[in-house]
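Number of protein chains: 2
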Amino acid sequence: MSIEPARRVRRSPEAARENILQSAERLLLERGPQGLKLVEVAQGAGVSHATVLHHFGSIDGVQTALAEAMIRQLVARVLAAERPDDPEAQLEGVGQVLFDAFESAGGARLAAWLELTGETRRLTLVREAVAEVISGPMAQKGVDPERATNLILVAVSLAMGVGLIGRSLAELVGRPPETTREAALAFLKTGLAAAIKA
Amino acid sequence: MSIEPARRVRRSPEAARENILQSAERLLLERGPQGLKLVEVAQGAGVSHATVLHHFGSIDGVQTALAEAMIRQLVARVLAAERPDDPEAQLEGVGQVLFDAFESAGGARLAAWLELTGETRRLTLVREAVAEVISGPMAQKGVDPERATNLILVAVSLAMGVGLIGRSLAELVGRPPETTREAALAFLKTGLAAAIKA
DNA sequence: GGCTCTATTGACATTTTTGTTGGTAACTCT
DNA sequence: AGAGTTACCAACAAAAATGTCAATAGAGCC
Numbered sequence: 002m003s004i005e006p007a008r009r010v011r012r013s014p015e016a017a018r019e020n021i022l023q024s025a026e027r028l029l030l031e032r033g034p035q036g037l038k039l040v041e042v043a044q045g046a047g048v049s050h051a052t053v054l055h056h057f058g059s060i061d062g063v064q065t066a067l068a069e070a071m072i073r074q075l076v077a078r079v080l081a082a083e084r085p086d087d088p089e090a091q092l093e094g095v096g097q098v099l100f101d102a103f104e105s106a107g108g109a110r111l112a113a114w115l116e117l118t119g120e121t122r123r124l125t126l127v128r129e130a131v132a133e134v135i136s137g138p139m140a141q142k143g144v145d146p147e148r149a150t151n152l153i154l155v156a157v158s159l160a161m162g163v164g165l166i167g168r169s170l171a172e173l174v175g176r177p178p179e180t181t182r183e184a185a186l187a188f189l190k191t192g193l194a195a196a197i198k199a
Numbered sequence: 002m003s004i005e006p007a008r009r010v011r012r013s014p015e016a017a018r019e020n021i022l023q024s025a026e027r028l029l030l031e032r033g034p035q036g037l038k039l040v041e042v043a044q045g046a047g048v049s050h051a052t053v054l055h056h057f058g059s060i061d062g063v064q065t066a067l068a069e070a071m072i073r074q075l076v077a078r079v080l081a082a083e084r085p086d087d088p089e090a091q092l093e094g095v096g097q098v099l100f101d102a103f104e105s106a107g108g109a110r111l112a113a114w115l116e117l118t119g120e121t122r123r124l125t126l127v128r129e130a131v132a133e134v135i136s137g138p139m140a141q142k143g144v145d146p147e148r149a150t151n152l153i154l155v156a157v158s159l160a161m162g163v164g165l166i167g168r169s170l171a172e173l174v175g176r177p178p179e180t181t182r183e184a185a186l187a188f189l190k191t192g193l194a195a196a197i198k199a
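Protein chains in written order, with the numbering used here: chain A, 2 to 199; chain B, 2 to 199.
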């Protein structure tokens, strides 16, 4: 009985990178930054660690690529907030989408990771996204840019905080995990409404 | 010329631990979770890495101790918010202190780190702090506990977000770094006032 | 001074993590 | 089918990080 040499899977370079990055993302999200080891990433992707190096050059390569990919996701999801419904619904909608973006798929955790790692430089994407929102939906409503910017800063920060610690915070004080999110959403909504009409 | 055996510093166990933890904290804050290596911590503290092991048993021991110490700091700082001035000033004061707690000394970064590492269990301290605020200053104002809790959840989340990404976010859109904090503070203040009197 | 206690350390040992190399196998194109 | 390209992997090598141990040296006490 000879040992089967285990059939190889051969992917396109893009597919291979994609596959590996998914594994990395999963690891980062559930094990934290410390758990981003070369071999584990490889295992999760079902390839040898040499393959990971072949595609990304080094562990830092993986990190960098992962950061970029996740930022892209995040920004895309936030920008999906632009649906031209009636103002009222849109107000709510912005909050919803923003919160979703930071909560789902570990958006907040990514941002936190970036911040902790000091990887904040490469965030040009984010700047552009913000600019887009300011000149888009906000200006449409007649909010002056100065104030619009401030509101965005607050909203994003809040979303960040909620996405990152909202659930455990709520559980910590003995409430269902979504409590924080709901409360924050309501708070944000009324606050925004007040600030805009003022 | 013989080699001097380098004079040793001998500390009390408590002082030694304290010294080491400070180095660890500094490292965590400026290099991120990945930078929390045994030798670096030792170097920063001016001792050999064997000494670190002697006092904490292992790297995990250091991490755990650090987490506890920082949480303690954070909670203490937040609880310092209890000054019985006039309601108006106190409203502002709560926000100030809360924001300070999360911004200074890397409170937010600590929380983020804990969250990313999944170390959220040992946060009993936090629960107690929250309980204290709810039954203390809030009840004093006649806010019902349900609503008070919600407000706290929101306020803490916001402080968290601002403390973590506030500065870089502001810079990202070309404003001075304190912009986020100020905007958030104003937002929080009016929001709180509205919510409480309602 | 001599004694005890233990914080401290250098040198060694082990484990973990990362990176390298040469060859193999999957796929495409002719 | 044959040849060329390259994604892939096992084995090896190197480096980094963590952990052990026996010996040393401060500091308090007699």
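Quick reminder that beta carbons are idealized off the backbone N, C-alpha and C, glycines included.
Please read these numbers as outputs of a predicted model, since none were measured by experiment.
Taken through DSSP and simplified to helix, strand or coil, B:K38 comes out as coil.
Taking B:R176 as the centre and dropping the five residues before and after it, the same chain places no C-beta closer than 7 Å to its C-beta. Sorting B:L28, B:S49, B:G107 and B:T180 by C-alpha distance to the C-alpha of A:S158 places B:T180 at the top.
A contact between stretches requires three or more CB pairs, one per stretch, nearer than 8 Å, and the stretch 150 to 164 of chain B meets this requirement with the stretch 144 to 163 of chain A. Per DSSP, reduced to three states, the secondary structure at B:K190 is helical. Rounded to the nearest whole angstrom, the C-alpha separation of B:V131 and B:F188 is 21 Å. Inclusion of A:S24 and A:G58 in the CB contact set at 8 Å is not warranted, their separation being larger than that value. In its chain, beyond the 5 residues on either side, V95, G96, L99, L189 and L193 have a beta carbon closer than 8 Å to the beta carbon of A:A156.
In the displayed model, A:V48 falls within coil according to three-state DSSP, outside both helix and strand.
If you check each beta-carbon in the stretch 29 to 57 of chain A against every beta-carbon of chain B, the ones closer than 7 Å belong to G33, P34 and Q35. Rounded to the nearest angstrom, the Cβ distance from B:R110 to A:L117 is 6 Å, consistent with a contact under 8 Å. The continuous alpha helix (DSSP H) containing B:G162 extends over residues P146 to G162. Distance between A:A149 and A:A77, taken at the CA atoms: about 20 Å. A:V127 sits in a helix when the DSSP states are folded into three classes. Judged by beta-carbon spacing, B:H50 lies beyond the 8 Å limit of B:V63, meaning their Cβ atoms are not closer than that value.
If you draw a straight line from the Cα of A:G137 to the Cα of A:A113, it is about 27 Å long.
Put simply, the backbone Cα of A:N151 is about 14 Å away from that of A:R128.
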